[in-house]
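Residue numbers (this note's numbering): 183 to 626.
Take a look at the structure below.
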Ligand code: NDP
Ligand code: 2IT
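Written as structure tokens, this is what we have:
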């Protein structure tokens, strides 16, 4: 049995109840086969794959808080510190009722390779809770965040582990968590990223994931003799990543016509009105029905359906496994030429395979959405030197990081004779640097 198959079998047995984690490991290990086969003896002896698929450590803890009625609520908190071979653990905190250990492990595992691809010194980690911020008052969100940080602060630090936002965790939550960390630890340090601009945040961090997604997509199209300008784009999600992806797509002359949330989706024949979408989602925290009510060119549909719209480029920016095989078939039938993942693992393994086999350019999330964490690392640099860079400076660094990521994965795919397979390219390029560091640091 090959080393990859041996380890895949072990990982499946040890983590049988974590389907998302298994899915992420399967995708990565399968696409690493050419590299592993070329170094099989060394990697097997050093147990490289067993080590990289087992987190350094994982914390699970009770998060008790009091709601507005005086009732005590209990949630479960998580932080998985996966791999710190190339830098302190770095990765977001997801607040969503679907969160469990397997989800956090899949996100932490992906983060190892994503962070490596940025070329910045950050290791892989992830955390979160099954707390649902939806429908909660500000006071309740603060009570949760303070209780969550009361435990989390024992495990993190500016040079140890630096969390940030993800689904359900935005500027408000980061603010409350930063306040509690500072109060308990009595230290003012860049322990979180995505902070407000008045207390150590970086310009462009809010926009970074969506903007970065478009910088990489533009470069991928350009290198395949195609232009982003004039393209019709289907976007899913209506949160941080989706909003700024739509904004940057418009700045590049493309036309995003859809967005979605967990209850329904919008088709706007005139193109999405970003100012209206921001007002509804960032200020009012309301549903997309309000968007359709305010705009005559927009239709609201209940449930799923964004991928049924005819588009040139699809940008899934909501959550994992939101684009399945049926969706992929529909995209191909409608003439879609490129899919770039703004979310983490939004495309199922079967859908990814179908898209690639049908000639659709496919940029995996660990490359395409790396602009968020890359800009977080730039926020860490600014915090360390106690300076703030201008919007233009951060934005231009972000753009060159994304362009470099594309070329690195394109080159890696060519080196291993899988040219055009950007999934393999991203996994190989991300893996090579981490493994070199792991081997240099010995068995640890
Ligand atoms: P937000 O919480 O800001 O927005 C998430 C959006 O996706 C919302 O519109 C939400 O709808 C929708 N959504 C979430 N879960 C589901 C679900 N189960 N079914 C349908 N729709 C859903 O999160 P972000 O925009 O920050 O994150 C989106 C994705 O991008 C995630 O996969 C995240 O891991 C990834 N990502 C985020 C980065 C960042 O910097 N923020 C960086 C890199 C990746 P509703 O409001 O109705 O729940
Ligand atoms: O998935 C991700 O890369 C993020 N949620 C951002 C992590 C970060 O540390 O900025």
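Positions of the beta carbon are idealized from the N, C-alpha and C atoms, including for glycine.
One or two residues paired with residue i in a DSSP bridge
| i | result |
| --- | --- |
| residue 295 | The partner list for residue 295 (beta bridge, DSSP) is empty, contrary to what the question assumes. |
| residue 448 | 441 and 482 |
| residue 404 | In the DSSP output, where bridge partners are listed per residue, residue 404 has none listed. |
| residue 242 | 260 |
| residue 125 | This structure gives no information on residue 125, because the portion of the chain shown stretches from 183 to 626. |
| residue 415 | 438 and 495 |
| residue 394 | For residue 394, which the question treats as bridged, DSSP gives no partner whatsoever. |
| residue 272 | 306 and 344 |
Own chain partners of residue i with C-beta closer than 6 Å, once the 5 adjacent residues on each side are dropped
| i | result |
| --- | --- |
| residue 340 | 371, 372 and 373 |
| residue 349 | 276 and 278 |
| residue 612 | 295, 298 and 299 |
| residue 481 | 449 |
| residue 488 | 416, 418, 440, 442 and 447 |
| residue 510 | 533, 536 and 537 |
| residue 255 | 247 and 249 |
| residue 494 | 413, 414 and 519 |
Euclidean distance between Cα positions of residue i and residue j
| i | j | result |
| --- | --- | --- |
| residue 401 | residue 432 | 16 Å |
| residue 273 | residue 345 | 5 Å |
| residue 357 | residue 377 | 6 Å |
| residue 352 | residue 225 | 40 Å |
| residue 561 | residue 183 | 45 Å |
| residue 610 | residue 540 | 22 Å |
| residue 205 | residue 469 | 31 Å |
| residue 415 | residue 439 | 6 Å |
| residue 209 | residue 531 | 7 Å |
| residue 529 | residue 505 | 5 Å |
| residue 263 | residue 288 | 12 Å |
| residue 313 | residue 375 | 20 Å |
| residue 207 | residue 190 | 8 Å |
| residue 566 | residue 485 | 45 Å |
| residue 228 | residue 615 | 16 Å |
| residue 462 | residue 420 | 10 Å |
| residue 458 | residue 413 | 22 Å |
| residue 451 | residue 521 | 20 Å |
| residue 333 | residue 243 | 7 Å |
| residue 454 | residue 437 | 8 Å |
Residue i beta carbon near the ligand GTP (any heavy atom closer than 7 Å)
| i | result |
| --- | --- |
| residue 278 | The ligand GTP is absent from the structure shown, which contains only the ligand NDP and the ligand 2IT. |
Cut-off 7 Å between Cβ atoms - residues of its own chain near residue i, not counting five sequence neighbours on either side
| i | result |
| --- | --- |
| residue 427 | 392, 395, 396, 417, 497, 499 and 524 |
| residue 311 | 245, 257, 258, 259, 260, 277, 281 and 330 |
| residue 223 | none |
| residue 302 | 556 and 559 |
| residue 425 | 392, 456, 459, 460 and 463 |
Cβ pair residue i, residue j closer than 8 Å
| i | j | result |
| --- | --- | --- |
| residue 291 | residue 203 | yes |
| residue 241 | residue 381 | no |
| residue 507 | residue 473 | no |
| residue 186 | residue 234 | no |
| residue 266 | residue 238 | yes |
| residue 271 | residue 320 | no |
| residue 355 | residue 335 | no |
| residue 594 | residue 549 | no |
| residue 572 | residue 564 | no |
Own chain partners of residue i with C-beta closer than 8 Å, once the 5 adjacent residues on each side are dropped
| i | result |
| --- | --- |
| residue 580 | 386, 390, 393, 394, 397, 553, 556, 557 and 560 |
| residue 201 | 284 |
| residue 586 | 301 |
Is the number of C-beta pairs between the segment 594-611 and the segment 545-564 that are closer than 8 Å three or more? Three or more beta-carbon pairs drawn from the segment 594-611 and the segment 545-564 are found closer than 8 Å, and the two stretches are therefore classed as touching.
Touching or not, the segment 388-398 and the segment 355-364, by the rule of three or more beta carbon pairs under 8 Å? No, the segment 388-398 is not in contact with the segment 355-364.
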